[in-house]
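J.:
Residue numbers (the numbering used here), protein chains in the order written: chain A, -8 to 192; chain B, 213 to 376.
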């Protein structure tokens, strides 16, 4: 097994005292000051690579975007030779900045750069809650329409996005649909009964 | 399927999920999850520790203890069953908090410390830690293979680069 290389000192999470570094990759460590026992794991972090691309010599392969720079990687999307300036690592694969900026590359890797994941299922749940909470239920028709739109988005997203499918199970889809239908029917029946009562009086 | 942990704080919730190349910290909002990513390539340490969740214990005692005291002070036989139920609820929650405790995690990556905690059973926490450690080691091992950090020494057999 490779020897662990400690880069960052381990501090006690409670009193911030520097802890005695463990001799193995995985060890229990006790703080000498506060007595807190922690389990520490050490890893070998990859060192940051230098960003400066080397100039290409006559026999070197050159970067497709920077013809004067030495190619050091191959883009997993296009198969082009690229230099370290163009190389971007995503999910363990190297892609060129040009490929990621293209529509094909951005579609494929968009989810890796997203700051927010859409969760229409949560909106469906919130609109369903608004339908039953007074005084919002007076506008139940609006919430149900919005909930239905989000429900359709949720089903489509589940079909297209693997990540979303792993987050939202089939049960959520079924329960959401049943509740939408149930509350929609109840709201229509209630509104109908109210209108009838008003007409009678 | 990857183990997910949930952190429920006073003003925010968070879901923590291990992916093959990164740790995802998802904070729920109205219609989306705010995503924070911790890439595994430069993670140097992971520290795990458990503490008693005193804040939760105190809140449970107040929220369930106050109505129990009020019902006891009424002194009617009709409320005996209710008081018993509340006592059982208190006992179950407190036993869970004492047994499970709150697990804290601190992941150090490139001079940034990411901290999160959860109240979950030791089996689930152990599974999560195993997955996290394996994923970090796999990514870092692959990184060493792809980009060796130590330059290869030049041999005499190699042709020298003409400098003209």
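Ideal Cβ positions, reconstructed from N, Cα and C, are used throughout, including at glycine.
Output the distance between the C-alpha atoms of residue 178 of chain A and residue 243 of chain B, rounded to the nearest integer angstrom.
T.: As a working mapping, residue 178 of chain A is identified with position 187 in the first chain. As a working mapping, residue 243 of chain B is identified with position 31 in the second chain. Cα to Cα, residue 178 of chain A sits roughly 24 Å from residue 243 of chain B.
J.: Just checking, does the segment 257 to 272 of chain B make contact with the segment 301 to 314 of chain B on the three C-beta pairs under 8 Å criterion?
T.: Flag = yes, the segment 257 to 272 of chain B and the segment 301 to 314 of chain B touch.
J.: Return the residue from the list B/295, B/351 and B/234 that minimises the CA-CA distance to residue 278 of chain B.
T.: Residue mapping note: residue 278 of chain B aligns to position 66 of the second chain, counting from 1. Ranking the options by Cα distance to residue 278 of chain B, first place goes to B/295.
J.: Could you pull the DSSP bridge partners for residue 256 of chain B from this structure?
T.: Position 44 of the second chain, counting from 1, holds the residue named residue 256 of chain B. Looking at the DSSP assignment, residue 256 of chain B forms no beta bridge with any residue, so it has no partner.
J.: Going along the segment 332 to 349 of chain B in order, which residues come within less than 9 Å of chain A, judged by CB to CB distance?
T.: Answer set for the segment 332 to 349 of chain B: 341, 344, 345, 348 and 349.
J.: Quick test of your reading: residue 155 of chain A and residue 115 of chain A, contact by CB under 8 Å. State the CB separation rounded to the nearest angstrom.
T.: What you label residue 155 of chain A is simply residue 164 of the first chain in a count that begins at 1. What you label residue 115 of chain A is simply residue 124 of the first chain in a count that begins at 1. Not quite, the Cβ-Cβ distance comes to about 13 Å (not below 8 Å), so this is no contact.
J.: Out of B/334, B/321 and B/335, state which residue places its alpha-carbon closest to the alpha-carbon of residue 36 of chain A.
T.: Start at 1 with the first residue of the first chain, and residue 36 of chain A comes out as number 45. Per the Cα distances, B/321.
J.: Could you work out which residues of chain B lie near residue 36 of chain A, taking near to mean beta carbons separated by less than 8 Å?
T.: Within the first chain, residue 36 of chain A is the residue found at index 45, counting from 1. Those are 253, 254, 255, 256, 321, 322 and 352, listed as they occur along chain B.
J.: Ignore the nearest five residues each way along the sequence and tell me which others in residue 86 of chain A's own chain have a CB closer than 6 Å to its CB.
T.: Stepping through the first chain from its first residue, residue 86 of chain A is reached at position 95. For residue 86 of chain A, where only same-chain residues beyond five positions count, the Cβ hits under 6 Å are 66, 67, 68 and 79.
J.: Indicate whether residue 224 of chain B and residue 239 of chain B have their beta-carbon atoms separated by less than 8 Å.
T.: Here residue 224 of chain B corresponds to residue number 12 of the second chain, with the count starting at 1. Here residue 239 of chain B corresponds to residue number 27 of the second chain, with the count starting at 1. In contact: residue 224 of chain B and residue 239 of chain B (Cβ atoms closer than 8 Å).
J.: For residue 309 of chain B, which residues of its own chain have a beta-carbon under 8 Å away from its beta-carbon, when the five flanking residues on both sides are left out?
T.: Start at 1 with the first residue of the second chain, and residue 309 of chain B comes out as number 97. Excluding sequence neighbours, residue 309 of chain B sits near 264, 265, 268, 269, 272 and 331.
J.: Buried or exposed: where does residue 90 of chain A fall if 16 or more other Cβ atoms within 10 Å of its Cβ makes it buried?
T.: Start at 1 with the first residue of the first chain, and residue 90 of chain A comes out as number 99. Flag for residue 90 of chain A reads buried.
J.: Does residue 247 of chain B come within less than 8 Å of chain A when only Cβ atoms are used?
T.: Residue mapping note: residue 247 of chain B aligns to position 35 of the second chain, counting from 1. Residue 247 of chain B counts as touching chain A.
J.: Going along chain B, which residues have a C-beta under 9 Å from residue 117 of chain A?
T.: Reading the first chain from its first residue, position 126 is the one you call residue 117 of chain A. Here the neighbours are 242 and 243.
J.: Shorter than 8 Å from the beta carbon of residue 138 of chain A to some beta carbon of chain B?
T.: Taking the first residue of the first chain as position 1, residue 138 of chain A is located at position 147. No, residue 138 of chain A does not count as interfacial toward chain B.
J.: At 8 Å on the CB atoms, spell out the chain B contacts of residue 114 of chain A, in chain order.
T.: In the first chain, counting from the first residue as 1, residue 114 of chain A sits at position 123. Simply 242 and 243.
J.: So is residue 8 of chain A in contact with chain B if we call contact Cβ pairs under 8 Å?
T.: By one-based count along the first chain, residue 8 of chain A stands at place 17. It does not: the Cβ of residue 8 of chain A has no partner Cβ on chain B nearer than 8 Å.
J.: Whole angstroms is fine: what's the gap from residue 289 of chain B's alpha carbon to residue 302 of chain B's?
T.: Locating residue 289 of chain B in the second chain gives position 77, where the first residue counts as 1. Locating residue 302 of chain B in the second chain gives position 90, where the first residue counts as 1. When rounded, the distance between both Cα atoms is 21 Å.
J.: Is there a Cβ of chain A sitting closer than 8 Å to that of residue 272 of chain B, yes or no?
T.: Residue numbering aside, residue 272 of chain B sits at position 60 when the second chain is read from its first letter. No, residue 272 of chain B lies away from the interface with chain A (no Cβ there is under 8 Å from its Cβ).
J.: With which residues is residue 326 of chain B paired in a DSSP beta bridge?
T.: Taking the second chain and counting its residues from 1, one reaches residue 326 of chain B at position 114. Beta-bridge pairing links residue 326 of chain B to B/319.
J.: Identify which residue in A/173, A/43 and A/106 has its Cα closest to the Cα of residue 77 of chain A.
T.: Taking the first chain and counting its residues from 1, one reaches residue 77 of chain A at position 86. For residue 77 of chain A, the nearest C-alpha among the options comes from A/43.
J.: Taking Cβ-Cβ distances shorter than 7 Å, what residues in chain B pair up with residue 105 of chain A?
T.: Mapped onto the first chain, residue 105 of chain A falls at position 114. By Cβ distance, chain B contributes 247.
J.: So what does DSSP say about residue 93 of chain A, is it helix, strand or coil?
T.: Walking along the first chain from the start, residue 93 of chain A turns up at place 102. The answer is coil: DSSP assigns residue 93 of chain A none of H, G, I, E or B.
J.: I'd like the list of long-range same chain contacts for residue 109 of chain A, defined as Cβ closer than 7 Å, with 5 residues on each side in sequence excluded.
T.: Stepping through the first chain from its first residue, residue 109 of chain A is reached at position 118. So the qualifying residues of the chain are 148.
J.: So, using beta-carbon positions, are residue 158 of chain A and residue 111 of chain A closer together than 8 Å?
T.: Within the first chain, numbered from 1, the residue matching residue 158 of chain A stands at position 167. Within the first chain, numbered from 1, the residue matching residue 111 of chain A stands at position 120. Against a cut-off of 8 Å, the Cβ pair of residue 111 of chain A and residue 158 of chain A comes out as no contact.
J.: Buried or exposed for residue 24 of chain A, please, with buried defined as at least 16 other CB atoms from any protein chain shown within 10 angstroms of its CB.
T.: Here residue 24 of chain A refers to the residue found at position 33 when the first chain is read from its first residue. Counting Cβ neighbours within 10 Å, residue 24 of chain A comes out exposed, since fewer than 16 surround it.
J.: Could you work out which residues of chain A lie near residue 318 of chain B, taking near to mean beta carbons separated by less than 8 Å?
T.: The sequence position of residue 318 of chain B within the second chain is 106, counting from 1. Under the 8 Å cutoff, chain A gives 4.
J.: Taking 8 Å as the limit between beta carbons, can you name the residues of its chain near residue -6 of chain A, skipping five residues before and five after?
T.: The residue you call residue -6 of chain A lines up with position 3 of the first chain. Interpretation of residue -6 of chain A is limited by its pLDDT of 46, a score under 50 that renders its predicted location unreliable; no figure is taken from the coordinates.
J.: Let me know if residue 130 of chain A comes out buried or exposed under the rule of 16 or more other beta-carbons within 10 Å of its beta-carbon.
T.: Here the question's residue 130 of chain A lines up with position 139 in the first chain. It is exposed - the Cβ of residue 130 of chain A has fewer than 16 other Cβ atoms within 10 Å.
J.: So residue 31 of chain A and residue 257 of chain B are in contact, right, with Cβ under 8 Å, and what is the actual spacing, rounded?
T.: One-based indexing of the first chain puts residue 31 of chain A at position 40. One-based indexing of the second chain puts residue 257 of chain B at position 45. At roughly 6 Å, the Cβ-Cβ gap stays under 8 Å, so residue 31 of chain A and residue 257 of chain B are in contact.
J.: Would DSSP call residue 14 of chain A helix, strand or coil?
T.: Translated into positions along the first chain, residue 14 of chain A becomes position 23. If DSSP states are grouped into helix, strand and coil, residue 14 of chain A belongs with coil.
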